[in-house]
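First the structure, in the form of structure tokens, and then the observations on it.
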Amino acid sequence: MKNTDTIQLESDVSAKTVVALPERTKALGMYESMVRIRKYEEQIYFLFLEGRISGSIHQSHGQEACAVGVLYDTRPTDYMASTHRPAGHDLAKGVSLRAMMCEMFGKANGCCHGKGGAMHMGDISVGAVPANAIVGSNIPIAVGMAYSCKLRRTDDIVVCFFGDGATNEGGFHEGINGAALWDLPVVFVCENNFYGASTHVQATMKVQTIAERAAAYGIPGERIDGNDLMAVNEAATRAIARARRGGGPTLLELMTYRIAGHSRSDASAYRPDDEESAWLARDPIKLFRGRLVEEKVATDAELDAIENSVQEEVDGAVQFAESSQDPEPEDALRNVYAGEGEV
Amino acid sequence: MKNTDTIQLESDVSAKTVVALPERTKALGMYESMVRIRKYEEQIYFLFLEGRISGSIHQSHGQEACAVGVLYDTRPTDYMASTHRPAGHDLAKGVSLRAMMCEMFGKANGCCHGKGGAMHMGDISVGAVPANAIVGSNIPIAVGMAYSCKLRRTDDIVVCFFGDGATNEGGFHEGINGAALWDLPVVFVCENNFYGASTHVQATMKVQTIAERAAAYGIPGERIDGNDLMAVNEAATRAIARARRGGGPTLLELMTYRIAGHSRSDASAYRPDDEESAWLARDPIKLFRGRLVEEKVATDAELDAIENSVQEEVDGAVQFAESSQDPEPEDALRNVYAGEGEV
Amino acid sequence: MPQMSIVEALNQAIAEEMARDERVFCLGEDVSDANGGYGGAFAVTRGLHGKFGPERVLNTPISEMLIVGMAVGAAMAGMRPIADVQYGDFLFCCMDQLVNQAAKMRYMSGGRVSVPMVMRAPVGATGRGAQHAQSLEGFFTHAPGLKVICPATAYDAKGLLKTAIRDDNPVLVFEHKLLYGGKRTESGALSMVGEVPAEDYTVPFGRGVVRREGKDITIVANLLMMYRAMDAAAELDEDDISCEVIDPRTLAPFDYELVIESLRKTRRLMIVHEDTYSNGWGAQLASYIAEHEIYLLDAPIKRLAAYDVPIPCAPVMEKFVIPSTARIIDAARSLMKM
Amino acid sequence: MPQMSIVEALNQAIAEEMARDERVFCLGEDVSDANGGYGGAFAVTRGLHGKFGPERVLNTPISEMLIVGMAVGAAMAGMRPIADVQYGDFLFCCMDQLVNQAAKMRYMSGGRVSVPMVMRAPVGATGRGAQHAQSLEGFFTHAPGLKVICPATAYDAKGLLKTAIRDDNPVLVFEHKLLYGGKRTESGALSMVGEVPAEDYTVPFGRGVVRREGKDITIVANLLMMYRAMDAAAELDEDDISCEVIDPRTLAPFDYELVIESLRKTRRLMIVHEDTYSNGWGAQLASYIAEHEIYLLDAPIKRLAAYDVPIPCAPVMEKFVIPSTARIIDAARSLMKM
Ligand SMILES: Cc1ncc(C[n+]2csc(CCOP(=O)(O)OP(=O)(O)O)c2C)c(N)n1
Ligand SMILES: Cc1ncc(C[n+]2csc(CCOP(=O)(O)OP(=O)(O)O)c2C)c(N)n1
Ligand SMILES: [Mg+2]
Ligand SMILES: [Mg+2]
């Protein structure tokens, strides 16, 4: 419950050496990917406020560096298993923003044909399996996908995201133990944003870090500043390489913060203002943009152009989605079972 | 899968200092308790062979020092939560041998009125809750019992037994994390007998010890020679004291071996002969008896007398059980719900 | 009499029972509202932390087996826990603790141990997709040793929850998200506010209630579907089809007698629930009537239920899957022609 | 034709499918028989390790969520896993992976992901107490997205399991411990040995089979109860009560048509299962007939099931709880008088 941890963590993290920026194409690609997530989720939030879409969403606002840092260098044939907070992961993995927007509008051409919704977004064709709204349950599933890579002798890997809260689920224990036992190609990525819904991570476990839990399974665990895109990318690169070469899983703990509430209706009353503002100051997109400009990889004008073009993409997606067809009510009866006329 | 571990463990263990014997009354009491378990389970096994009882049993043959070493000094108001292999724990906790024998015969006066059977033995009046045949599921339950001790401000504690195999269950993770978080008075006792059914412990986890998993919850974990009665008792005494004074849970890993098969029908084909004979030589009852005689706490004649009197107790229980009443078939319909005429 | 929502009624029941009996405590994810916490995903336990402190309003890690296992263990040790896992769908994460442990423990002990615990679980579809939408009553009416209740009014919510807390057996309480009437209103939510006596009262298990009298068709419906049945009945009245609407209130034990009594008059039975068609709780009721009182019937038994699909997210499909007032009306009209 | 037990038939089905399709693999606790291991708690996977090696016959830790979760994940990635958790009762330990994940995944993806996995689970009471005895078919026929089968003969065991392995959906296979006929025989076990063709064949889902023709009563019974129904039918024949015995073989999908066809002749229905009475799978069948074909009936529908209790351990009580041949005979006689 000690929120002083936040500060400790920052000092932990700043002690590490700064990871160099990548070449310009990748740098700009990563920037664009983070901006895409931010603008997509902001748009969704406005659509809710305006009553144009219904249901709920869990925004990853503030956690964009985790998604992009980990996923930027993965292949479409690598799998990615996400959670109730999947939009960032999906976009970073390459799911079509339009198809996701259509899904949010409940349209027939949504990435899950309107059946999944915000918490089940995914597109298997780019390796993003339908996201999982049962906290922790995507972990054993990810292990099974990794086992399939092993059986098929590919060098594809699986990235499995979950939150700090999920690490107290039985599925975390069973899943990571299995992956460790068989040296399976999974990168377990815990986005530690300090809260599971309204409950602080330190009120849910006695240990100080989640990374240290890796030891119970005999695999490496590492804590990283999740708002530092390049630090995330560097750690992910190592973990992914290890997984690809059959070296087994890694547990990465990315220290980050969700700027928005837990879900649409949450005002985050449980979070101290100074904690929120300290993290707001460490907005991962701002931080990365700062470096890009400072280290002269890109100019402000170039980066603004990226932002504008992404905004257009998002606006276009909204228009496209709104003008798309609703599913027929009876479509609800399809896709329960494969085969037999798709009933 | 490296069975050399067995040997390593023994050397680990022999490096420790020898724990002194207790005063005579306790020493003989502990001896008697171990003998009672052994003779009871041997008797049950013969009864199966002779076809006088049906069903199955999981014997704790060879693991008696774990049950007695941990439970000897507990109070009747302390709780004990056992597994599919409960007979030793139950007897050491003070459940009536007669009532257990009657339960094995499926009699109305069995400790569970014939409803429970071998895997659900218990008697809440001495703190032995019905044993649990779902591997790992007794762990969260034990934590709840410990929480009740805390809420009621007693200094009673809970002993929770489980096997090496159970430590890969999700319930182990969730349960121990909860107990650690709230400093609950539980002693988690893992009897590591190297196998979960036919599977070696090293084929189920990448870490070398179960004790080290305690670190993932921020509690102490300790590996002990489970066939050395006094070593077990000494460690349990410390863990129990810690729990009683509100210091929180401990994970004890007791290295032991089941001399019998996993269950009645198991010939243990998966175990190397030399491993079996090495452990047979370390029979905990023989080891303790050796010390009692060597250190002149008791004579062979005294110990034989104890064995004989326990044998009489067991024989008497068999006679008593066989002459006891079967339940009425319709009794099956009672005890589903409390209240309302006990329907 | 005070007027209140179901959320308020449930909250009062818990608060009063906690004050009355110190063995009662709450546990679950985010059940405490200390320091800006939720006080339950649907605010049912709001304010209890202030009254009873953190030990009796225990925020837990996200560990459903721990939550329910602790409830089982504490109950066996004489406490009266009230467990919460936020959404009914998550009960599958701790099904062993409910079906293998809570339900069987008393029996396996030969009646020497009791498990007086309450498991609260919200059900119903609210546009959040298949893992936050299931109506799962039928899973638990299938587990002897458990009691299952489903209050649909503020009066019943308070009275039944009190009975549940005082009961010596494990009781599952299914609450409908669209009936809560609390702060978190949803599209499709009914703003249910009802009279609740100020004095202590309980509602017994195994007693359904006739929500509306009628003479042509007996409609048995629970939770949200009961209100849809009432709306349908009002409309059908204009057609001169008179429906008797029964709210079973508790599913295990089930008040078969009340249904049978009603059938003596109407001789036609319709069962409506949001639980799935295949093996939903209504299957058992229909089967029971077909076994014991088939001669009372002048027509086939009509069952309306969620179609046999996981719940889709898009509103247009979700609406289609759950029985609507219009579907009930149509079914009633055709039932009258049989 | 070769004669074999159900254990041998299941083993052959798996071995042949593993040879035919390299995507098929087995996983579970003790499924391998390498180095003296069990080859499955009931020896169904014995010998497969030798043929296919440790990767395709994967011994797992005792981690039911891992086992079933891995099966779901591997299936989504295109493999065809066959998972085993030793006893049906343990399915409650991984119910989320079955009901929230396997069953819903295809639907939630809009049909873009399939989960072609098989979950094998032994059911039935064998003197081991309530946590090793449950017949839990009704829990899974209540979960749209799952298919549920229950082979009672060696022929069906092989043919249905092959269909299950080739099916693109998650399929639960309930096998009865007293019908295995393998090495581990139990008191009460039937030594079922049956003819199994040498050549490749499958048995389709959704097709029941008439095990015995008759004209007075249709008895629908699965697994062990089918054999008790057959015994009862033989005895009732002497009373001049002629029973048609139907083995549904698959519960989801269910062959309602076959039952209806039979009822056209017999006009009397009895349903017998070891699953509990309340909300057991027979409730749905009874309800379906009462809804769609009530006019076919000349008498109430009779249901026999395990009484609504956890399974007791003592043989005298266990026997009482499970429908016996005598109970079926009595019920048939009184049904003829109605
Ligand atoms: C099994 C399960 N339990 C509870 C919930 C309700 N729930 C949804 S998100 C959430 C918090 C998750 O916290 P964390 O894992 O830290 O992820 P974050 O939301 O912070 O990204 C909870 C409790 C759920 N969806 N599934
Ligand atoms: C949840 C569950 N899974 C599987 C089983 C079947 N089973 C019974 S005992 C056992 C092995 C347990 O091993 P361990 O925990 O080491 O205890 P031991 O038998 O060695 O005392 C297994 C797999 C079970 N009873 N419960
Ligand atoms: Mg979090
Ligand atoms: Mg073991």
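Chains as they are written, first to last, in the numbering used here: chain Y, 1033 to 1375; chain W, 1033 to 1375; chain L, 527 to 864; chain S, 527 to 864. The C-beta atom is built at its ideal place from N, Cα and C for all residues, glycine as well.
Segment limits, alpha helix (DSSP H) that includes residue i
i, result
"isoleucine 1317 of chain Y", "1316-1326"
"phenylalanine 700 of chain L", "Where phenylalanine 700 of chain L is concerned, there is no enclosing alpha helix (DSSP H), although the beta strand (DSSP E) it sits in stretches over 697-702."
"alanine 600 of chain L", "590-602"
"aspartate 1306 of chain W", "1305-1312"
"valine 1067 of chain W", "1056-1081"
"leucine 1053 of chain W", "That residue, leucine 1053 of chain W, is in no alpha helix (DSSP H); it is neither H nor E in DSSP."
"lysine 684 of chain L", "680-692"
"asparagine 1340 of chain Y", "1332-1354"
Check: residue i C-beta below 7 Å from any heavy atom of ligand 6
i, result
"tyrosine 1077 of chain W", "Ligand 6 is absent from the structure shown, which contains only ligand 1, ligand 2, ligand 3 and ligand 4."
Terminal residues of the beta strand (DSSP E) in which residue i lies
i, result
"glycine 1253 of chain W", "1253-1257"
"isoleucine 745 of chain L", "743-747"
"arginine 646 of chain L", "644-649"
"threonine 1241 of chain W", "No beta strand (DSSP E) contains threonine 1241 of chain W, which DSSP labels as neither H nor E."
"alanine 778 of chain S", "776-778"
"alanine 607 of chain L", "Looking at the sequence shown, residue 607 of chain L is not alanine but proline. Start and end: 606-610."
"threonine 1282 of chain W", "1282-1287"
"glycine 554 of chain S", "550-554"
"lysine 673 of chain L", "673-675"
"arginine 546 of chain L", "Not the beta strand (DSSP E): arginine 546 of chain L falls in the alpha helix (DSSP H), residues 532-546."
Inter-residue CB distance, residue i and residue j (contact presumed, cutoff 8 Å)
i, j, result
"isoleucine 848 of chain L", "alanine 858 of chain L", "With a Cβ gap of about 17 Å, isoleucine 848 of chain L and alanine 858 of chain L do not count as contacting."
"proline 1281 of chain Y", "isoleucine 1251 of chain Y", "5 Å"
"histidine 1121 of chain Y", "methionine 1151 of chain Y", "Not a contact, Cβ separation roughly 12 Å."
"methionine 645 of chain S", "valine 594 of chain S", "7 Å"
"asparagine 1209 of chain W", "methionine 1237 of chain Y", "6 Å"
"isoleucine 1256 of chain Y", "leucine 1286 of chain Y", "5 Å"
"glutamate 1201 of chain Y", "serine 589 of chain L", "6 Å"
"aspartate 1196 of chain Y", "asparagine 1225 of chain Y", "7 Å"
"alanine 840 of chain S", "glycine 1154 of chain W", "At roughly 16 Å, the Cβ-Cβ gap does not stay under 8 Å, so alanine 840 of chain S and glycine 1154 of chain W are not in contact."
Residues near ligand 3, criterion Cβ-heavy atom distance below 6 Å
Y:Gly1195, Y:Asp1196, Y:Gly1197, Y:Asn1225, Y:Tyr1227 and Y:Gly1228
With three or more beta-carbon pairs closer than 8 Å as the criterion, would you say the stretch 1206-1224 of chain W touches the stretch 560-578 of chain S?
no
Report the start-end ranges of each beta strand (DSSP E) in the stretch 1157-1225 of chain Y that is 3 residues or longer and not cut off at the edges.
1190-1195 and 1218-1224
Touching or not, the stretch 793-808 of chain L and the stretch 614-622 of chain L, by the rule of three or more beta carbon pairs under 8 Å?
no
Between the stretch 1357-1370 of chain Y and the stretch 1069-1082 of chain Y, are three or more C-beta pairs nearer than 8 Å?
no
Check whether the stretch 1133-1152 of chain W touches the stretch 1182-1198 of chain W, taking contact to mean three or more Cβ pairs, one atom from each stretch, closer than 8 Å.
no
Going residue by residue through the stretch 769-823 of chain S, where are the continuous beta strand (DSSP E) segments of at least 3 residues, counting only ones entirely within it?
769-773, 776-778 and 795-802
Whole runs of the beta strand (DSSP E) within the stretch 1092-1159 of chain W, excluding any shorter than 3 residues:
1111-1113
May I ask you to verify whether the stretch 1216-1236 of chain W touches the stretch 538-551 of chain S, counting CB pairs closer than 8 Å and requiring at least 3?
no
Between the stretch 1336-1356 of chain W and the stretch 673-688 of chain L, are three or more C-beta pairs nearer than 8 Å?
no
Under 8 Å: do the stretch 577-594 of chain S and the stretch 531-538 of chain S share three or more Cβ pairs, one atom per stretch?
no
Three or more C-beta pairs closer than 8 Å, one from the stretch 595-612 of chain S and one from the stretch 803-817 of chain L: is that the case here?
no
Is it true that the stretch 739-749 of chain S meets the stretch 770-783 of chain S, where meeting means three or more beta-carbon pairs spaced less than 8 Å apart?
yes
Please go through the stretch 720-764 of chain S and give each complete beta strand (DSSP E) segment of 3 or more residues, from N-terminal end onward.
735-738 and 743-747
Evaluate contact between the stretch 1090-1101 of chain W and the stretch 1309-1323 of chain W, counting only Cβ atoms and requiring at least three cross-stretch pairs below 8 Å.
yes
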